[in-house]
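J.: So that we are looking at the same thing, I have put the structure below in structure tokens.
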Amino acid sequence: MLGDRSVATVSTTEQKHLRPRTASILSAAALAITVIAGTAAAPADLVRGTPGPAYPKTPNQVSELELPVTVSHRGGADVYPEESMEGFTASARDGFLPEMDIQFLADGTPVLIHDDTADRTLNGVSGPIRNLSLEEWDSATIKHPQGGPEAETVTLDEVLDELGGEVVMVPEIKPGATSAEVDQVLDVFDERGLSDSLIVQSFDFEAAKTIAERGYTSLYLTGATLPTESFDEIADAGIEWVGPSKNLPTRDLRRLDKAGFHVAPYTLGTAKDGHRLPGWIDGFFTDDAWTK
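In this text, residue positions in the sequence shown follow this note's numbering: the first is 104, and each later residue adds one.
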């Protein structure tokens, strides 16, 4: 299913939004973390907001992935501030696929946050993400899961400026996005020549179908039961990956695998849990990719 793709030329796009980014050494943030036993320390040479070395451990094309893959859910939400640049870059550096969620501000700017409200993960703002201005978003900070330093919020453009084309990423277009917003996000990816470098997810079958039609590797997220669509319908839509809940019975996971899909359950507590999965599983999502 992971067929060879032609290498796309990454185009340079004019940055639509500039804001000062405070350079912060990830190792300093890591010192504030009570490191879980068996957890790898964050790399000491990653500097926020400045060009860094390449990410040799994480391929930059989907066709180059070695299965099974470890998807760092929300950038490692149990280790780093959820959906922060610190988490995304540390995940990429250590060989994991950074995963992020796309929501939209009041002016339509795509930003990275899981919930459709700010309250659980952000300080400085509250309420629906779609009600926030870009200025309010920029002023907010992301809470640290273990009480460490907070992080700056991240827009889609900012993470693509940092990692786009450098590593394979796994963005999710969140439920509630209109068909126009799905196309808007895919247009951004097109402008940057990222069709070979992304696995794009959605819980919405029509969105997952559109993602595949637009030439991207599509991951259809499902729940703790098999999808309502038939396996043939999913395959005919061009969808290659299925992401069921970890609570889907093993027999049904195996049925998806035998139907020819790449199966990547969500969300495991740690990579150690993921490594206990059957050998035919092609990937898994985890909030802590470092604990093995």
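Yeah, the Cβ is synthetic: ideal placement off N, Cα and C, and Gly gets one too.
Taking 8 Å as the threshold, find out whether the region 198-206 comes into contact with the region 266-285 through three or more Cβ pairs.
T.: Taking 8 Å as the limit for Cβ pairs, the verdict is that the region 266-285 does touch the region 198-206.
J.: Determine the direct distance from the alpha carbon of residue 276 to that of residue 353, and round the result to whole angstroms.
T.: Rounded to whole angstroms, residue 353 to residue 276 spans 27 Å at the Cα level.
J.: I need the boundaries of the alpha helix (DSSP H) containing residue 189, first residue and last residue.
T.: Segment 188-196, the alpha helix (DSSP H) holding residue 189.
J.: Give every residue of the same chain whose Cβ lies closer than 6 Å to the Cβ of residue 311, excluding the five residues on either side of it in the sequence, and list them in chain order.
T.: Only 305, 321, 323 and 342 meet the Cβ criterion.
J.: Confirm, please, whether the CB-CB distance from residue 393 to residue 374 is below 8 Å.
T.: Contact flag set, yes.
J.: Check the C-beta distance from residue 446 over to residue 230 and give it rounded, since I have them as a contact under 8 Å.
T.: Nothing about residue 446 can be reported from this structure: the residues present for the chain run from 104 to 395 only.
J.: Applying the 10 Å Cβ sphere with the 16-neighbour rule, what's the burial state of residue 379?
T.: Residue 379 comes out exposed.
J.: DSSP puts residue 387 in a beta bridge; with which residues?
T.: Bridge partners of residue 387: 173.
J.: Hey, quick one: how far does the beta strand (DSSP E) through residue 204 stretch, first residue to last?
T.: 200-207 is the span of the beta strand (DSSP E), which, as asked, contains residue 204.
J.: Here's a check: name, in chain order, each residue in its chain whose Cβ is nearer than 6 Å to the Cβ of residue 399, leaving out the five neighbours to either side.
T.: This structure gives no information on residue 399, because the portion of the chain shown stretches from 104 to 395.
J.: Please look up how many angstroms separate the CB atoms of residue 390 and residue 219, rounded, as I've assumed it's under 8 Å.
T.: Not confirmed; about 19 Å, so no contact.
J.: Under 8 Å by Cβ, that's how I've got residue 224 and residue 246 pegged, so tell me the actual separation to the nearest angstrom.
T.: Sure, about 6 Å apart at Cβ, within 8 Å.
J.: Can you grab the Cα-Cα spacing for the pair residue 315 / residue 170, in whole Å?
T.: Residue 315 and residue 170: Cα-Cα distance of roughly 21 Å.
J.: May I ask you to list the residues that DSSP assigns as paired with residue 366?
T.: Looking at the DSSP assignment, residue 366 forms a beta bridge with 345.
J.: Does the beta-carbon distance from residue 332 to residue 308 come in below 8 Å?
T.: Yes, they are a contact pair.
J.: Would you mind reading off the limits of the beta strand (DSSP E) that contains residue 275?
T.: Residues 273-276.
J.: Hey, could you find the ends of the beta strand (DSSP E) residue 303 is sitting in?
T.: Run containing residue 303: 302-305, per the beta strand (DSSP E) assignment.
J.: Kindly indicate the opening and closing residues of the beta strand (DSSP E) around residue 320.
T.: Looking at the DSSP string, the run of the beta strand (DSSP E) that includes residue 320 is 320-324.
J.: With a 10 Å radius around its C-beta and 16 neighbouring C-beta atoms as the bar for buried, classify residue 226 as buried or exposed.
T.: Label assigned to residue 226: exposed.
J.: Would you mind sorting residue 328 into buried or exposed? The rule is 16 or more other CB atoms within 10 Å of its CB.
T.: Label assigned to residue 328: exposed.
J.: In the DSSP assignment, what residue or residues form a beta bridge with residue 228?
T.: Residue 228 is not bridged to any residue.
J.: With contact counted as at least three CB pairs below 8 Å, one residue from each stretch, are the region 287-297 and the region 177-197 in contact?
T.: Too few Cβ pairs lie closer than 8 Å, so no.
J.: Cα-Cα, which of 193, 263 and 239 is closest to residue 209?
T.: When only C-alpha atoms are compared, the closest one is 239.
J.: According to DSSP, simplified to helix, strand and coil, what is residue 254?
T.: Reduced to three states, the DSSP call for residue 254 is strand.
J.: What did DSSP end up calling residue 182 once you bin it into helix, strand or coil?
T.: Coil, per DSSP.
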